[in-house]
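Beneath this line is the structure, given in structure tokens, with notes to follow.
Next comes the structure, spelled out in structure tokens:
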């Protein structure tokens, strides 16, 4: 049984007012444009844009809460992790301005735990949060806004041939189904005493213990695919040029959105090439560290 | 060469030439810093993506008469299943990588067995689609963003795992593949021992006070070697079962080349040194992948063989 994404037609939804092809093109342009920058001044408009899309999407909080908290938590975790370790930012700055150094009053085998709070680490963590956060918000809204019935024709409209368009369509449809199957398998194995979090034994034993999760999910999916293959074969899939029940129509606002997305990408790339949008530390922050 | 094939090839070569022009001429000859290899990011990511696609296309164009390239109903469904499974497993293990105990400062990615298995079982097209689309969706739903060259690297893993489908005899070339894989393994391990202070760029475990700015442990450094030895054991222990031996051996080569391609591309994309790319990225990713290939792929091959016998398909 296929499990659908939580899509429904929403009233006054900004995303759903566009042709899905136009939105996907804009979404891809948005992602690659955001990737061009590390400067908070450039990233803030992207984040604000993503929030605008989120709040005008018509998606209710109770629908998106679980997925949203997971992704935002994940992004926040990474930003904090980068802040704590200072890793990642070293590609963008060479000098750090120390604001405060927290040092433990104890030592472990001669090592004294310490945490340096530096201007660059704070700014880098904020920049990372804005950058990844804006991309994640835009991504998470797609399954809630894009009609699954239009996946195939959308990818076809984006230039893929019929077979690959349909493969993309099926991929997007299968993801929630297999996620459900995966969770069911994990639960079933746990009921039999399988402890995913408690791997014991040697290295090889640890990896081998993943078999009871992997094999049932994969083999179940392959066995289930025979019904889908038969159904598609009975409808003569791939014999001739495919026709699609739904027809997408590109309106003026869709063309404007596409042009805006492409312009955004071109400008972002141009700015990046010209050296704008690199990692930037506000002067006010530097003063926190005494200049 | 038919018209479509020629036009696509010309397009790919044109894009590649443009990328090379931007990097080599504008960056290194005229000295425009944004095009220099240690500064550029996005353009280079796309450039490396095209290099990977070009490699796939080159293999296709030389062997396009093989039935392994046919894409029918079954391949379409298998592509979708493989990509969706890879995305789901990636999402799950990406999200729980911090609670699953790792080998030693190494992020576990058991999902890598999926493109290897799908590539071997269903051919290079299915393997490539599974790797590239599954990794893209997996990264997207995990909130990682998009990294085209890593997605293509994952696609290459599935693609190379599916290369045996081009041969009438699947046992053919196994020894050659082992020698090539062995040479790459030795090279990577030697680079590790020459650069043991190099930090691991891919693993963080705050609970155990392990951060990416620490040198990788010995077990992580030789994990590719451990993985390769496991592959050798599987290859010869299951020598009579051609499917297991070939799946693991080609999966091993796919992993070394696919992850190697993505890690090496970061020399230009992120400005890493060769040692940082190999020791900090390649070894922590490719080593555990080999261990998964040696253990999980045979399990999947055996289970799938049983299903084939049962269903008669």
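Protein chains in written order, with this note's numbering: chain A, 364 to 654; chain B, 1221 to 1533.
Even glycine gets a Cβ: it sits at the ideal position worked out from N, Cα and C.
**OP:** Look up residue 461/A in the DSSP assignment and give the residues it is bridged to.
**Re:** For the purposes of this step, residue 461/A is identified with residue 98 of the first chain, where counting begins at 1. When beta bridges are read from the DSSP output, residue 461/A appears opposite 481/A.
Subject >> Nearest-angstrom Cα separation, counted from residue 423/A out to residue 376/A >> reply: Taking the first residue of the first chain as position 1, residue 376/A is located at position 13. Taking the first residue of the first chain as position 1, residue 423/A is located at position 60. Each residue's CA atom was taken as its position, placing residue 376/A and residue 423/A some 11 angstroms apart.
Original post:
Are the beta-carbon atoms of residue 389/A and residue 624/A separated by less than 8 angstroms?
Top reply: Walking along the first chain from the start, residue 389/A turns up at place 26. Walking along the first chain from the start, residue 624/A turns up at place 261. Contact: yes.
Original post:
Does any C-beta atom of chain B lie closer than 8 angstroms to the C-beta of residue 465/A?
Top reply: Numbered from 1 along the first chain, position 102 holds the residue referred to as residue 465/A. Closer than 8 angstroms: no.
Original post:
At a Cβ threshold of 8 angstroms, is residue 585/A touching chain B?
Top reply: For the purposes of this step, residue 585/A is taken as the residue at position 222 of the first chain. Interface residue, yes.
**OP:** Would you mind working out which of 647/A, 651/A, 648/A and 641/A sits nearest residue 401/A, comparing C-alpha positions?
**Re:** By 1-based counting over the first chain, the position of residue 401/A is 38. Of the listed residues, the one whose Cα sits closest to residue 401/A is 641/A.
Subject >> chain A contacts from the stretch 1498 to 1527 of chain B (Cβ-Cβ distance under 7 angstroms) >> reply: From the stretch 1498 to 1527 of chain B, only 1511, 1512, 1515, 1516, 1519, 1520, 1523, 1524 and 1527 have a Cβ closer than 7 angstroms to chain A.
**OP:** Could you list which residues in chain A have their beta carbon closer than 7 angstroms to that of residue 1299/B, in chain order?
**Re:** Locating residue 1299/B in the second chain gives position 79, counting from the first residue. In chain order: 530.
Original post:
Any Cβ of chain C within less than 8 angstroms of the Cβ of residue 1451/B?
Top reply: Absence of chain C from the displayed structure is noted, the protein chains being A and B.
**OP:** Using a Cβ-Cβ cut-off of less than 7 angstroms, list which residues of the stretch 1287 to 1298 of chain B approach chain A; keep chain order.
**Re:** The stretch 1287 to 1298 of chain B vs chain A, Cβ under 7 angstroms: 1291, 1292, 1293, 1294, 1296, 1297 and 1298.
Subject >> Three or more C-beta pairs below 8 angstroms linking the stretch 434 to 447 of chain A and the stretch 513 to 525 of chain A >> reply: Counting Cβ pairs under 8 angstroms, fewer than three are found: no touch.
Original post:
So residue 1513/B packs on residue 1475/B, CB below 8 angstroms; how close in whole Å?
Top reply: Position 293 of the second chain, counted from the start, is the residue given in the question as residue 1513/B. Position 255 of the second chain, counted from the start, is the residue given in the question as residue 1475/B. Contact holds; Cβ gap of about 6 angstroms.
Original post:
Should residue 1305/B be flagged as near chain A, meaning a C-beta pair shorter than 8 angstroms?
Top reply: In the second chain, residue 1305/B corresponds to position 85, counting from 1. By the rule that beta-carbons nearer than 8 angstroms mark a contact, residue 1305/B touches chain A.
**OP:** Would you kindly report the start and end of the unbroken alpha helix (DSSP H) that includes residue 533/A?
**Re:** The residue labelled residue 533/A in the question sits at position 170 within the first chain. Residues 525 to 554.
Subject >> Terminal residues of the alpha helix (DSSP H) in which residue 625/A lies >> reply: Position 262 of the first chain, counting from 1, holds the residue named residue 625/A. Element bounds for residue 625/A: 615 to 636.
**OP:** Take residue 1342/B and list the residues in its own chain whose beta-carbon comes closer than 6 angstroms to its own, dropping the five residues that flank it on each side.
**Re:** Walking along the second chain from the start, residue 1342/B turns up at place 122. The answer, listed in chain order, is 1298.
Original post:
Pick from 495/A, 470/A and 459/A: whose alpha carbon is nearest that of residue 480/A?
Top reply: Here residue 480/A refers to the residue found at position 117 when the first chain is read from its first residue. Nearest of 495/A, 470/A and 459/A to residue 480/A, Cα basis: 459/A.
Original post:
What residue range is occupied by the uninterrupted alpha helix (DSSP H) comprising residue 1491/B?
Top reply: Within the second chain, the letter at position 271 stands for residue 1491/B. Here residue 1491/B belongs to no alpha helix (DSSP H), and DSSP marks it neither H nor E.
Subject >> Classification of residue 604/A by the beta-carbon crowding that lies within 10 angstroms, buried from 16 upward >> reply: Position 241 of the first chain, counted from the start, is the residue given in the question as residue 604/A. Residue 604/A is exposed by the Cβ-count criterion.
**OP:** Starting from residue 466/A, follow its DSSP beta bridges and name the residues at the other end.
**Re:** In the first chain, residue 466/A corresponds to position 103, counting from 1. Residue 466/A pairs with 477/A.
**OP:** Let me know the secondary structure DSSP gives residue 579/A once reduced to three states.
**Re:** As a first step, residue 579/A is located in the first chain; it is residue number 216 there, counting from the start. Helix, per DSSP.
Original post:
CB of residue 546/A to nearest heavy atom of the ligand PLP: below 7 angstroms?
Top reply: Only the bare structure without any ligand can be found here, which leaves the ligand PLP out of the picture.
Original post:
According to a CB-to-CB cut-off of less than 8 angstroms, which residues of the stretch 616 to 644 of chain A neighbour chain B?
Top reply: Across the stretch 616 to 644 of chain A, CB contacts with chain B closer than 8 angstroms involve 632, 635, 636, 637 and 638, in sequence order along the chain.
**OP:** With a threshold of 16 other CB atoms inside 10 Å of the CB of residue 1285/B, please say whether the residue is buried or exposed.
**Re:** On the second chain, position 65 is the one that residue 1285/B refers to. Label assigned to residue 1285/B: exposed.
Original post:
At a CB-CB cut-off below 8 angstroms, which residues of chain B make contact with residue 603/A?
Top reply: Taking the first residue of the first chain as position 1, residue 603/A is located at position 240. Per Cβ cutoff of 8 angstroms: no residues; residue 603/A is ~13 angstroms from chain B at best.
**OP:** Measure how close the beta-carbons of residue 397/A and residue 490/A come, nearest whole angstrom, since I'm counting them as under 8 angstroms.
**Re:** The residue you call residue 397/A lines up with position 34 of the first chain. The residue you call residue 490/A lines up with position 127 of the first chain. The C-beta distance from residue 397/A to residue 490/A rounds to 11 angstroms, too long to meet the 8 angstroms contact threshold.
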